[in-house]
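Student: Mind looking over this structure? Questions follow.
Protein chains: 2
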Amino acid sequence: MAEAAPRRHPTLDEVAEHAGVSRSVASRALNNAPHVSRAKREAVERAVRQLGYARNSTARALATRQTGAAALVISGEDPSIFADPFFARVIVGASAALDSADLHLMLCLAASDRGRKRVEELLRSRGADGVMLMALREDDPLTRMADEAQMPVVFGGRPVGSAPRWYVDVDNVGGAREATEHLVSLGRRRVAVICGRLDTEAGRARYRGYRDAMLGAGLDPFPPTEGDFTERSGAAAMAALLAEHPDVDGVFAANDNMAAGALRIVRETGRRVPADVAVVGFDDLAVAQVADPPLTTVHQPVEALGREMARMLVALVNGQDPTPLVLPTRLTVRASA
Amino acid sequence: MAEAAPRRHPTLDEVAEHAGVSRSVASRALNNAPHVSRAKREAVERAVRQLGYARNSTARALATRQTGAAALVISGEDPSIFADPFFARVIVGASAALDSADLHLMLCLAASDRGRKRVEELLRSRGADGVMLMALREDDPLTRMADEAQMPVVFGGRPVGSAPRWYVDVDNVGGAREATEHLVSLGRRRVAVICGRLDTEAGRARYRGYRDAMLGAGLDPFPPTEGDFTERSGAAAMAALLAEHPDVDGVFAANDNMAAGALRIVRETGRRVPADVAVVGFDDLAVAQVADPPLTTVHQPVEALGREMARMLVALVNGQDPTPLVLPTRLTVRASA
DNA sequence: GCTTCCAGTGGGAGCGCTCCCAAAGCGCAC
DNA sequence: GTGCGCTTTGGGAGCGCTCCCACTGGAAGC
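Residue numbers (full-length UniProt numbering), protein chains in the order written: chain A, 1 to 337; chain B, 1 to 337.
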């Protein structure tokens, strides 16, 4: 009865011997496969308990050619990109979906040459059953690696200038358009834009959405003022904007972090939000609610993004052929606009 | 010359044959091991290139009994705990350290029974070479799993009521004491506290630090008002506090999220920060700088925490016996106190 | 009575790598 | 010429699992 902690891990052979059955039967019993009599099944279960057996996942992986793991690769020039709580939410969603498919999550921050090299090694050496790829920039070396990867690849957000076979994205254009239209509907006429990085598809798509809405309303779109999705860059962009166009009365920022930075600058220059300048963000992360005033923003289903990526990957691993997905966004109106 | 994409992955045997050497020599050449002549080494390299060979990491893992991966397990009752940007920073640090040891990172969000079961399975089936464990609560089932794990375990923060053999922690008591002393030095006398969860060691230690400082200054410590480290819970705690003690003139919150919530309530009840109520947080994450007013807070070296955990784990995997580590904290004074 | 079928069983051949060890090759001192 | 010690080489035995396949025996069908 006592589950003695074994010095060395018992193998399936030892379990089989202890239970008085063959290795095949023991294996089948362990995997809940058919063709095992009730008696032997119970004998195996008993032996497992008594020996404290736990199957060696590596050996199993070698025999089945399945690692039981999926990788989430987040690209970027430096690791701080990952500090964006956006990714944490994606991971929560992905993790849940992988859990129910019994896959482990490997997280790869491909933010240095070394990191990218290790991702490549992982892909080539089949250290995972599939990959989810995020935050690719223009000419990202990971794009090539993905092409050559001998395993399923799902993109989170589309890479710049190419439509991969499998991806999950959010409706960036539609969200940005709706945000801008909201500002216009509030009577704002000099609506500026703080873009995200224009070497990412999300950055470009959100600018397109803004531009479409402005043109649609018969207004002049501002040229892009580019930030890098950080609070600091949003503040800098807002400062530059106000210096050149002191009469701006509305701003669409391509994410909440930058919107928060913009808010700070608007306040610091003595203007009121939303009375003097109305601000809309994008993401609807925690910062939007904490901001002062709380941020009107485009809600995107971040956890669902992660979940759907993982689901799509699981489908691929199981030999299915899922179709790409674009998740809807939704304007959430708070005090800032 | 052409690196034809192989339908089936070539094996080391095929590489060896193609290079006209034995499998052993090919293996040695690939691993940069000695006892390989220059000529054969080059022949192997050529064959690798021509066949587009990539070693199968699973087979290697089976033979070497090393998976090449380390797991980071984050415990919690529900997955949203992971949304705290704190963990993202830990991961950035850990990931960098693991990268230089050529270990992959497996991320496990053990927030459900299913998740915990899978962690247990991972530990027992040797799906990783070692584990880092974080955010354990009192009587956390993961504590037992860690005891029984047949692999190195490093704790991030100490678990409640026990000192594991290997851990990395931050000086929670010292930081909280310094924060409280700062409030006292500003002339505040009715300094309340918004605790973190008291079933975590960090929550308890920070309350102890607060208490020590109050008693040391000859002041009456408040009893704990408990939050759960979220903005919302900080707001609720602050509201409760002000209802019962309208004359509070200082608050130490056990993390920045809760401090931000407190700030919001203080503002909403028409009080000024810091004039009427001074507020100090703990963590020094991004939210501290974005808060209005910017938060005086206890800075803790979050990325270093992750990095040192990973380093300690690498040392353990390599058969060394590192010593536990407590990282220093430092008060960062901004506008809120 | 015979064949037919199928659940149940165990042997054996992998999966693709590492690493031990015996053997071969070779220079050099005696 | 012999012996010693070194590097280099390749064969083979694992690592611990899955899965194919051949075999058994009892129930069902004729």
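Even for Gly, the Cβ is constructed at its ideal location relative to N, Cα and C. This one's a predicted model, so the numbers in the text were calculated from it and none came from an experiment.
Quick one: list the residues of chain B neighbouring threonine 296/A, beta-carbon separation under 9 Å, in chain order.
Tutor: Residues of chain B passing the Cβ test: none, with the nearest at roughly 17 Å.
Student: Classify leucine 305/B as buried or exposed, calling it buried when 16 or more other Cβ atoms lie within 10 Å of its own Cβ.
Tutor: It is buried - the Cβ of leucine 305/B has at least 16 other Cβ atoms within 10 Å.
Student: Indicate whether at least one CB of chain B lies closer than 8 Å to the CB of arginine 126/A.
Tutor: True, the Cβ-Cβ gap to chain B drops below 8 Å.
Student: The alpha helix (DSSP H) with glycine 174/A in it runs from where to where?
Tutor: 172-185 is the extent of the alpha helix (DSSP H) around glycine 174/A.
Student: Secondary structure at glutamate 42/A, three-state DSSP: helix, strand or coil?
Tutor: Correct three-state label for glutamate 42/A: helix.
Student: Is DSSP giving alanine 110/B helix, strand or coil here?
Tutor: In this structure, alanine 110/B counts as strand in the three-state DSSP scheme.
Student: Can you list, in chain order, the residues of its chain with a C-beta nearer than 6 Å to that of threonine 230/B? Leave out the 5 residues immediately preceding and following it.
Tutor: Hits under 6 Å: Asn257.
Student: Taking a contact to mean a Cβ-Cβ separation below 8 Å, would you say glycine 130/B touches proline 152/B in this structure?
Tutor: It is a contact, given that the beta carbons lie within the stated cut-off.
Student: List the residues of chain A whose Cβ lies closer than 7 Å to the Cβ of glutamate 14/B, in chain order.
Tutor: Those within 7 Å of glutamate 14/B in chain A number zero; the least Cβ separation is about 16 Å.
Student: Valine 193/B by DSSP, collapsed to three states: which one?
Tutor: Three-state result, valine 193/B: strand.
Student: Rounded to whole angstroms, what is the Cα-Cα separation between alanine 310/B and alanine 63/B?
Tutor: If you take the alpha carbons of alanine 310/B and alanine 63/B, they lie about 24 Å apart.
Student: Can you give the Cα-Cα distance for glutamate 244/A and proline 293/B, rounded to whole angstroms?
Tutor: Computed Cα separation, rounded: 27 Å.
Student: Would you check if the segment 135-145 of chain B and the segment 252-269 of chain B touch, i.e. whether three or more CB-CB distances between them fall below 8 Å?
Tutor: In short, these stretches do not touch, since the Cβ pair count stays below three.
Student: Output, in sequence order along the chain, the residues in the segment 217-235 of chain B whose CB is closer than 8 Å to any CB in chain A.
Tutor: Within the segment 217-235 of chain B, the residues whose Cβ lies closer than 8 Å to some Cβ of chain A are Glu231, listed in chain order.
Student: Report the option in Val333/A, Pro10/A, Arg334/A, Val326/A whose CA atom is closest to the CA atom of valine 170/A.
Tutor: Nearest C-alpha to valine 170/A: Val326/A.
Student: May I have a chain-ordered list of the beta strand (DSSP E) segments no shorter than 3 residues that lie completely inside the UniProt domain "HTH lacI-type" (10-64) of chain B?
Tutor: Entirely contained in the UniProt domain "HTH lacI-type" (10-64) of chain B, not one beta strand (DSSP E) run reaches 3 residues.
Student: Helix or strand or just coil, what does DSSP make of leucine 98/A?
Tutor: Three-state DSSP puts leucine 98/A in a helix.
Student: Within 10 angstroms of the Cβ of valine 15/B, are there 16 or more other Cβ atoms? Answer buried if so, exposed if not.
Tutor: That one is buried.
Student: Keeping to the same chain, check which residues put their C-beta closer than 6 Å to that of alanine 315/B; ignore five residues upstream and five downstream.
Tutor: Hits under 6 Å: Pro322.
Student: With a CB to CB cut of under 6 Å and the five nearest residues on each side skipped, what residues in its chain are close to valine 333/A?
Tutor: Result list for valine 333/A: Thr296, in chain order.
Student: Using a 10 Å radius around the Cβ and a threshold of 16 neighbouring Cβ atoms, would you call alanine 5/B buried or exposed?
Tutor: Confidence in alanine 5/B is poor, its pLDDT being 45 and thus under 50, which makes the residue's placement too unreliable to answer from.
Student: So if DSSP puts isoleucine 74/B in a beta bridge, which residue, or which two residues, is it bridged to?
Tutor: In DSSP, isoleucine 74/B forms a bridge with Leu109/B, Met134/B.
Student: Counting only Cβ pairs nearer than 7 Å, list the residues of chain B close to serine 27/A.
Tutor: The contacting residues do not exist; serine 27/A stays about 14 Å from chain B at best.
Student: For threonine 297/A, which of helix, strand or coil comes out of DSSP?
Tutor: Strand at threonine 297/A.
Student: So, using beta-carbon positions, are serine 95/B and proline 85/A closer together than 8 Å?
Tutor: It is not a contact, given that the beta carbons lie outside the stated cut-off.
Student: Can you list, in chain order, the residues of its chain with a C-beta nearer than 6 Å to that of arginine 197/B? Leave out the 5 residues immediately preceding and following it.
Tutor: Result list for arginine 197/B: Gly203, Asp228, in chain order.
Student: Just checking: is the beta-carbon of alanine 2/A within a distance shorter than 8 Å of some beta-carbon in chain B?
Tutor: For alanine 2/A, the predicted structure reports a pLDDT of 39, less than 50, and the residue's modelled location is therefore unreliable. A value from the coordinates is still provided. Chain B contact via Cβ: absent.
Student: To the nearest angstrom, report how far apart arginine 124/B and leucine 313/A are at their CA atoms.
Tutor: Arginine 124/B and leucine 313/A: Cα-Cα distance of roughly 26 Å.
Student: Looking at the structure shown, is threonine 323/B part of a helix, part of a strand, or coil, going by DSSP?
Tutor: If DSSP states are grouped into helix, strand and coil, threonine 323/B belongs with coil.
Student: Under a CB-based cut-off of 8 Å, is isoleucine 265/A close to chain B?
Tutor: It does not: the Cβ of isoleucine 265/A has no partner Cβ on chain B nearer than 8 Å.
Student: Does DSSP put glycine 250/B in a helix, in a strand, or in coil?
Tutor: Correct three-state label for glycine 250/B: strand.
Student: Rounded C-beta distance between alanine 236/A and tyrosine 210/A? I'm assuming under 8 Å.
Tutor: Contact doesn't hold; Cβ gap of about 19 Å is too wide.
Student: If arginine 114/B sits next to aspartate 99/A, beta carbons under 8 Å apart, how far is it from one beta carbon to the other, in whole angstroms?
Tutor: At roughly 6 Å, the Cβ-Cβ gap stays under 8 Å, so arginine 114/B and aspartate 99/A are in contact.
Student: Roughly how many whole angstroms lie between the Cα atoms of alanine 69/B and aspartate 284/A?
Tutor: If you take the alpha carbons of alanine 69/B and aspartate 284/A, they lie about 34 Å apart.
Student: Let me see if you follow: with CB-CB separation under 8 Å, is isoleucine 194/B close to chain A or not?
Tutor: So, not an interface residue.
Student: Of the residues Val173/B, Leu142/B, Gly218/B, which one's Cα is nearest the Cα of glycine 76/B?
Tutor: Answer by Cα proximity: Leu142/B.
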